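Asks:
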Amino acid sequence: SVTALRHLWRFDDLFSSTVMMEFDKNSDLKLDDKELKEVADTVHSSLAEFNYFQLVTQDGKDVPMVPPPHLMANFDNDQLIILFESQPKTPIKLTGKIDIGVYDPTFYTAIDFTDDTNLTVEGLPSSCTKKVIRPDPDEAIKENQKTLTDAFFNDPTGTDMSKIFATKLELDCPPEG
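The C-terminal position of the sequence shown is numbered 181 in this note's numbering, with every residue numbered one higher than the one before it.
(1) Mind reading off the beta-carbon distance from residue 43 to residue 23? Whole number of angstroms is fine, and I expect it under 8 angstroms.
(2) So the beta strand (DSSP E) residue 136 belongs to, where does it begin and stop?
(3) Against chain C, does residue 129 count as a neighbour if the rule is that its beta carbon must be under 8 angstroms from one of theirs?
(4) Terminal residues of the continuous alpha helix (DSSP H) containing residue 20?
(5) Measuring from the CB of residue 66, is there a heavy atom of the ligand ZN at a distance below 7 angstroms?
(6) Relative to the C-alpha of residue 63, which residue among 103, 95, 94 and 9 is closest?
(7) DSSP state of residue 130, grouped into three classes?
(8) If I measure Cβ to Cβ from residue 47 and keep anything under 8 angstroms in the same chain, skipping five residues before and after, which residues do I get?
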């Protein structure tokens with residue numbers, strides 16, 4: 005079963021430098037432990053309303069996730085690193101199709117996996133397959149055109165359609181039994 009998701013996010017130089025400027029209270033161009041904790045706490049509270057940019061489904065149904073208790077922040081080669089672990093409210097049985105993705109529902113943050121091998125699964129049974137799904141934006145729009153049009157005209161709350169563009173790790177496991 006899937007019991008936890010471990011996230012390691014490396015931010016680009018531009019965003020990292022803005023974080024440095026904002027949180028480097030003593031202006032020494034380094035973030036000490038207290039400043040890094042403030043970064044982690046700020047990111048933690050900012051991402052809460054967006055489910056920590058996680059998209060987890062089993063057979064097309066959303067899997068409820070427990071908010072991570074805390075995040076860790078660090079700087080490596082002038083880039084901000086955020087680490088955290090989250091867990092599903094109940095372990096996800098390895099049956100059917102499980103999709104795990106990271107995306108920003110506001111479209112503000114571009115999230116990319118530079119290497120498919122960075123999406124890993126520990127202890128995946130040999131009866132399961134895994135593949136990385138990178139939706140083609142034009143195809144995603146074409147396949148969801150009616151839904152996108154309906155959402156634009158009929159949903160004043162702004163349906164979260166950005167997930168159709170999210171890169172996902174897809175696990176496909178045989179049914180139990």
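Backbone N, C-alpha and C define an ideal beta-carbon position, used for all residues, glycine too. All figures in this text were calculated on a predicted structure; none of them were measured in a lab.
Replies: Let me lay it out:
(1) 6 angstroms
(2) 133 to 137
(3) Reference to chain C is not applicable here, since this structure consists of a single protein chain.
(4) 17 to 27
(5) Looking at this structure, you won't find the ligand ZN or any other ligand, since it has none at all.
(6) 103
(7) coil
(8) 75, 77 and 86
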